[in-house]
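Enquirer: Using this note's numbering, read the sequence shown as starting at -10 and increasing by one per residue.
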Amino acid sequence: MTKSFYVTTPIYYVNDAPHIGHAYTTVVGDVLTRWHRQKGESVWFLTGTDEHGEKIMRTAQTHGISSQEWVDKLVETEWKPNWRALNIANDDFIRTTEVRHTERVQRFLQGLKDAGHIYAGKYEGPYCVGCEEFKIPGDLTLKGEEWLCNMHGTPIEIIKEDNWFFRLSAFIGPLLAHYEAHPETCQPESARNEVISFLKSGVTDLSISRSTFDWGIQVPWDKDQIFYVWFDALLNYATAVGLGDSSESEGGKKFAEVWPPDVHLIGKEILRFHAVIWPAMLMAGNLATPKMVFAHGWLLVGGEKMSKSKFTGIVSKDITDHFGVDAFRYYFLRAIPFGSDGSFSWEDMSARYTSELANDFGNLASRSAAMIEKYCGGVLPVVSHAADLEAALKTAVDKADAAMCALDFQGGILAIMDFCKRVNGYVTEKEPWVLAKDQVNKIELDGILYNTAESLRALAVLLHPVMPATCEILWQSLGAREKLGELSAQKIADVAAWGQLPEGATISRTPVLFPRLETSA
Ligand code: MSP
-10 MTKSFYVTTP
0 IYYVNDAPHI
10 GHAYTTVVGD
20 VLTRWHRQKG
30 ESVWFLTGTD
40 EHGEKIMRTA
50 QTHGISSQEW
60 VDKLVETEWK
70 PNWRALNIAN
80 DDFIRTTEVR
90 HTERVQRFLQ
100 GLKDAGHIYA
110 GKYEGPYCVG
120 CEEFKIPGDL
130 TLKGEEWLCN
140 MHGTPIEIIK
150 EDNWFFRLSA
160 FIGPLLAHYE
170 AHPETCQPES
180 ARNEVISFLK
190 SGVTDLSISR
200 STFDWGIQVP
210 WDKDQIFYVW
220 FDALLNYATA
230 VGLGDSSESE
240 GGKKFAEVWP
250 PDVHLIGKEI
260 LRFHAVIWPA
270 MLMAGNLATP
280 KMVFAHGWLL
290 VGGEKMSKSK
300 FTGIVSKDIT
310 DHFGVDAFRY
320 YFLRAIPFGS
330 DGSFSWEDMS
340 ARYTSELAND
350 FGNLASRSAA
360 MIEKYCGGVL
370 PVVSHAADLE
380 AALKTAVDKA
390 DAAMCALDFQ
400 GGILAIMDFC
410 KRVNGYVTEK
420 EPWVLAKDQV
430 NKIELDGILY
440 NTAESLRALA
450 VLLHPVMPAT
460 CEILWQSLGA
470 REKLGELSAQ
480 KIADVAAWGQ
490 LPEGATISRT
500 PVLFPRLETS
510 A
């Protein structure tokens, strides 16, 4: 059995209104998994919602409904529609209130307890409900008499509880050895360095249960306690694919097929959870650790992480209503080097939309279709070859594939768009509209029109993971489906083979792929 390429996003706090920061990670996961599907790989893409903890319980109370009703409503009215609107093709959606999750969490953690990794202790110290995190001094700033969480800028609470503890400190040595031997498992390098220095600074055991409220998964051996929300949440990556189920059951088979995860995509603020606590939990449970945790940067507003709590969250719909879904998907991956922070600006997005999408890509498609209609009656002429375009395409595919697989989305998209520019240059240089004036040039003209359409075939395949709906329209207009099959079935490895569009294909005028932007008065 070949292992599936398994990619996850964080499970988002269900009571945060989805904004473009969440969309950024999920679109990245979608593009990455669509690319790998087009490489012919078996793929599993998971996202979901984190539904337990004090923060969620308190918000439900302020709305006067039960926690369960509150989270059910948010998943159905906010999160799932948000991902559908952005054309996210996730294979599964995990909710931490689902029985499949709670039962597997209890079974796994009972196993850790039985193996001696969990013990009873007392916790007294700072806790930030916004982060749902036990804080250490470096995470806090003193303002007047109050300690504030650096992340939220809000006062922390001091909690004092009899809790269950996980022997995290026992895994410092194994984790350091792991990152020494497999540096590629924590990326980018800056994130890995941060993790290593954190480990070297002396990590203490972790309180993994709470006893002062009940919105969580019950500790099976102590009915007065629930698991700490992060300990439950991290396990979603494994519970969603059958953690601990018998090997012949459906869950067990799924687990064997996908484990370990190939890429956990996360924002850099949750790095310690994913690169310290999570692999330690897996080591304690004798399970393979993830092949890669990639901590990306933040979308900033006014130089700070965009967030709902600071009232700086921009919702995707504000952008997609104006630019469309595919331009939204394209923009963030194209504009921000993956791993760095980036600021969203309407001006930059408008400029790229117009120059790269509407002019370079959209106009090429409409010019090509219009000329084939005008000069060839809408029927694709005989197969032709253009050595320089073919070579440029080959280079673009190799570069794009290497970059996309290395999670360099900006590099991948640039390689493809450079090819698009090259094709525009070819058309401008050959001036088919001049050749068309004299019947003597018919063979040359046909060749140019064929090569342009064939280049668009390649662009439709290469840009499909990034802009699926637009590329479907283009595929349709090239008359490609009939002869070549579904666009999603086209393989990256075959894209550079020239001459796939057949002579005689019916080319129809594309609806405008990227309409001119409405300027508000
Ligand atoms: N529930 C936890 C994650 C548990 S995973 C086992 C959580 N949820 S969250 O709703 O706060 O989502 C955090 C994630 O959303 C970030 O790690 C990142 O993927 C994404 N982003 C939220 N705001 C963001 C920005 N401003 N910029 C980029 N990504 C952001 O933490």
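Ideal Cβ placement from N, Cα and C applies to all residues, glycine included.
Check GLU121 in the structure and name its three-state DSSP category.
Expert: Secondary structure at GLU121: coil, using DSSP grouped into helix, strand and coil.
Enquirer: With a cut-off of 8 angstroms, do at least 3 Cβ pairs link the segment 192 to 202 to the segment 239 to 246?
Expert: Using a C-beta cut-off of 8 angstroms, the segment 192 to 202 makes no contact with the segment 239 to 246, since fewer than three inter-stretch Cβ pairs fall below that distance.
Enquirer: For the ligand MSP, is there any heavy atom lying closer than 7 angstroms to the beta carbon of LEU21?
Expert: At a threshold of 7 angstroms, LEU21 does not count as near the ligand MSP, since its beta carbon sits no closer than that to any of the ligand's heavy atoms.
Enquirer: Per DSSP, what kind of secondary structure is SER186 in: helix, strand or coil?
Expert: helix
Enquirer: Look at HIS253 and THR(-3) and say whether their C-beta atoms are less than 8 angstroms apart.
Expert: yes
Enquirer: Report the rounded CA-to-CA distance for LEU101 versus TYR13, giving the unit in angstroms.
Expert: 35 angstroms
Enquirer: If you compare alpha carbons, which of ARG23, ILE9, THR(-9) and HIS8 is closest to GLN479?
Expert: ARG23
Enquirer: Once you ignore the five residues that flank ALA49 on each side, which residues in its own chain have a CB closer than 7 angstroms to its CB?
Expert: So the qualifying residues of the chain are SER55, SER56 and TRP59.
Enquirer: Consult DSSP for HIS253 and reduce its assignment to one of helix, strand or coil.
Expert: strand
Enquirer: Does DSSP put ASP337 in a helix, in a strand, or in coil?
Expert: Reduced to three states, the DSSP call for ASP337 is helix.
Enquirer: Tell me whether ASN79 counts as near the ligand MSP, meaning its Cβ is closer than 7 angstroms to at least one heavy atom of that ligand.
Expert: Because no heavy atom of the ligand MSP lies under 7 angstroms away, the Cβ of ASN79 does not count as near it: no.
Enquirer: Out of curiosity, what's the CA-to-CA distance linking GLU248 and ALA166?
Expert: Note that residue 248 is Trp in the sequence shown here, rather than Glu. A straight-line Cα-Cα distance of about 21 angstroms links TRP248 and ALA166.
Enquirer: Does the distance between the C-beta of ALA227 and the nearest non-hydrogen atom of the ligand MSP fall short of 7 angstroms?
Expert: For the ligand MSP, not one heavy atom lies less than 7 angstroms from the Cβ of ALA227.
Enquirer: Starting from VAL290, trace the beta strand (DSSP E) in both directions and tell me its first and last residue.
Expert: 288 to 290
Enquirer: Taking TRP204 as the reference, give the member of PHE34, MET406 and ASP39 with the closest Cα.
Expert: ASP39
Enquirer: Taking three-plus beta-carbon pairs below 8 angstroms as touching, is the segment 491 to 499 in contact with the segment 350 to 358?
Expert: yes
Enquirer: What distance in whole Å lies between the Cβ atoms of HIS41 and VAL218, which are believed to be in contact at a cut-off of 8 angstroms?
Expert: Beta-carbon to beta-carbon, VAL218 and HIS41 are separated by about 5 angstroms, close enough to satisfy the 8 angstroms threshold.
Enquirer: Can you name, in chain order, every residue of its own chain whose Cβ lies under 7 angstroms from the Cβ of ILE259, other than the five neighbours on each side?
Expert: PRO(-1)
Enquirer: Within the chosen definition, does the segment 392 to 411 reach the segment 427 to 437 through at least 3 CB pairs nearer than 8 angstroms?
Expert: Fewer than three beta-carbon pairs drawn from the segment 392 to 411 and the segment 427 to 437 are found closer than 8 angstroms, and the two stretches are therefore not classed as touching.
Enquirer: So, helix, strand or coil for TRP72, using DSSP?
Expert: helix
Enquirer: Tell me the DSSP secondary structure of ALA104 in three-state form.
Expert: coil
Enquirer: Scan the segment 39 to 83 and note each continuous alpha helix (DSSP H) run of 4 residues or more that stays entirely inside, going in chain order.
Expert: 43 to 51, 56 to 63 and 69 to 74
Enquirer: Check whether the segment 441 to 448 and the segment 481 to 488 touch, using three or more Cβ-Cβ pairs below 8 angstroms as the test.
Expert: yes
Enquirer: Under 8 angstroms, Cβ to Cβ, is there at least one residue of chain D near PHE262?
Expert: Within the model displayed, chain D is absent; a lone protein chain is all it includes.
Enquirer: Taking just the CA atoms, how far does PHE187 sit from THR174?
Expert: 16 angstroms
Enquirer: Whole angstroms are fine: how far does the CA of TYR439 sit from the CA of SER373?
Expert: Straight-line Cα distance between these residues: approximately 6 angstroms.
Enquirer: Would you mind giving the Cβ-Cβ distance between LEU63 and ASN4, rounded to the nearest angstrom? I have them listed as a contact below 8 angstroms.
Expert: Taking the Cβ atoms as the reference, LEU63 lies roughly 6 angstroms from ASN4, within the contact range of under 8 angstroms.
Enquirer: Can you tell me which residues form a DSSP beta bridge with GLN176?
Expert: Under DSSP, the beta-bridge partners assigned to GLN176 are PHE283.
Enquirer: Measure the C-alpha to C-alpha separation of THR51 and GLU65 and round it to an integer number of angstroms.
Expert: Going by the C-alpha atoms only, they are around 20 angstroms apart.
Enquirer: Taking 8 angstroms as the threshold, find out whether the segment 78 to 88 comes into contact with the segment 215 to 234 through three or more Cβ pairs.
Expert: yes
Enquirer: Which partner residues of GLU293 appear in the DSSP bridge assignment?
Expert: VAL290
Enquirer: Here's a check: name, in chain order, each residue in its chain whose Cβ is nearer than 7 angstroms to the Cβ of GLU183, leaving out the five neighbours to either side.
Expert: Setting aside the 5 residues that flank it on each side, GLU183 is surrounded in the same chain by LEU260, each with a C-beta closer than 7 angstroms to its C-beta; the list follows chain order.
Enquirer: Three-state secondary structure (DSSP) at ASN4?
Expert: coil
Enquirer: Go ahead and pull the three-state DSSP assignment for GLY240.
Expert: helix
Enquirer: State the start and end residues of the unbroken alpha helix (DSSP H) segment that holds LYS388.
Expert: 376 to 394
Enquirer: If you draw a straight line from the alpha carbon of ALA510 to that of TYR342, how long is it in whole angstroms?
Expert: At ALA510, the pLDDT of 42 sits below 50, so the modelled position is not reliable; the number obtained from the coordinates is stated separately. Computed Cα separation, rounded: 19 angstroms.
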